[in-house]
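Asks:
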Amino acid sequence: MSVADIAYAPLSAHLTAPVLANLQTFADLLEAEAMPAGFIGECTRADLELRHIFDSVLPAIAPETRERFPLNAGEGLNVFDLGAGSGLPSLPLAILYPQHKFHLLDAQEKRCRFAESAAAKLGLSNVTVYHGVVQDFPKKYAAAPKADVVVFRAFRKILASLELALHVLSAAPKDRQRPGSAKSDGPRSLPASFQKTPQQTSAKAPEAGCPPNFAGPLRSEAIALQSPKLLYWRSQRVPFSAAGEQRVTDLGYKTESFVKFESAASVLPRGLYTFAHETAAKKPYPRSWKKISADTLVDTES
């Protein structure tokens, strides 16, 4: 089975055959290398295609979210995957969106090596892999760009994820400039000692960052991001208490939406939270991981 065999019409409607083939190659790598290493759980090939490949790209193609999915913006964005592990959902998304830069951060070096190797084998030059913990990122990788979009698929609980994301988001969204805009210096390069970007494997790729034989970037009508977005893959809406809702606000976020993918309900029950980072977080956020992990509100609001 391949992702192309899944009975979900938007797959063939929005993804080209070369893109589907590259997703298939990544699924092969997950099955042959990531699963034996314990980077993803043991599962059948059919479950792997559903739970990892299809799940990663679903928000980009589903009718419920496609027109407003932040990565469908026409401009180059810096997309951060925190706790990226073996590259889910970031590597499938990097295949779909060669016009954006994807920054994968994980605390386990072996998983980072796999993600880096997989990106190289997939011919992706729009991927950078970082080894470390989120709270150390601003100092360890001081030259890295700020995030326009942060994605979470299997990371921490939702309030912890929102708080940790503050380490890669700019503190004042209204002062941010789009990469490559007239008033911007463009995306900043990492120092050579930190640079982990795999090299393009095809010298004749049609667009910078494109895998070989890629037919073009996935996008709908261009949408302008007024503030950084945080995307949190989740099957059900979080039953936030009043205290939980206040924490979201105190962290500087606005809950824009929770969308349930009814179009895919018979295939894979899933949903997507979208948060906008609109203001600087109130003190004392962001806190140390020790304080976050000891916070009972973080533990209960999930």
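Read in the UniProt record's numbering, the sequence shown has 110 at position 110, and its numbers run on one by one without any break.
Glycine included, every Cβ here is placed at the ideal spot set by N, Cα and C.
(1) Using the DSSP secondary-structure output, state which residues sit across from Asp148 in a beta bridge.
(2) Cα separation between Glu64 and Pro138?
(3) Cutting at 6 Å between CB atoms, please list the residues of its own chain near Gln246, excluding the five before and the five after it.
(4) Could you please give me the residues that DSSP links to Trp233 through a beta bridge?
(5) Kindly indicate which residue of Lys229, Leu230, Ala154 and Gly132 has the alpha-carbon position closest to the one of Gln108.
(6) Which residues bound the beta strand (DSSP E) around Lys256?
(7) Can you confirm whether Leu122, when its beta carbon is compared against all beta carbons of chain B, has any partner nearer than 8 Å?
(8) In terms of residue numbering, what span does the alpha helix (DSSP H) encompassing Val133 cover?
(9) Can you tell me the Cβ-Cβ gap for Val162 and Lys146, rounded? I've got them flagged as a contact below 8 Å.
(10) Excluding sequence positions up to five away, which residues of its chain have a Cβ less than 7 Å from the Cβ of Ala46?
(11) Please report the straight-line C-alpha distance between Leu91 and His52, rounded to a whole angstrom.
(12) Suppose contacts are defined by Cβ-Cβ distances below 8 Å. Is Ala62 in contact with Pro10 by that definition?
(13) Based on the DSSP secondary-structure assignment, which residues constitute the bridge partners of Asp81?
(14) Straight-line CA distance for Ser241 to Gly271?
(15) Just tell me which of Pro89, Asp28, Asp81 and Gly41 has its CA closest to the CA of Leu58.
(16) Would you call the CB atoms of Pro286 and Leu164 closer than 8 Å?
Replies: If we stick to the structure as given:
(1) Bridge partners of Asp148: none, in fact.
(2) 35 Å
(3) none
(4) Leu272
(5) Gly132
(6) Per the sequence shown, residue 256 should be read as Glu rather than Lys. Where Glu256 is concerned, the enclosing beta strand (DSSP E) stretches over Tyr253 to Lys260.
(7) Among the chains in the structure shown there is no chain B, since it carries only a single protein chain.
(8) Here Val133 belongs to no alpha helix (DSSP H), and DSSP marks it neither H nor E.
(9) Checking the sequence, you will find Leu at residue 162 rather than Val. Contact flag wrong, Cβ pair sits at about 16 Å.
(10) Met1
(11) 11 Å
(12) yes
(13) Leu104 and Val151
(14) 20 Å
(15) Pro89
(16) yes
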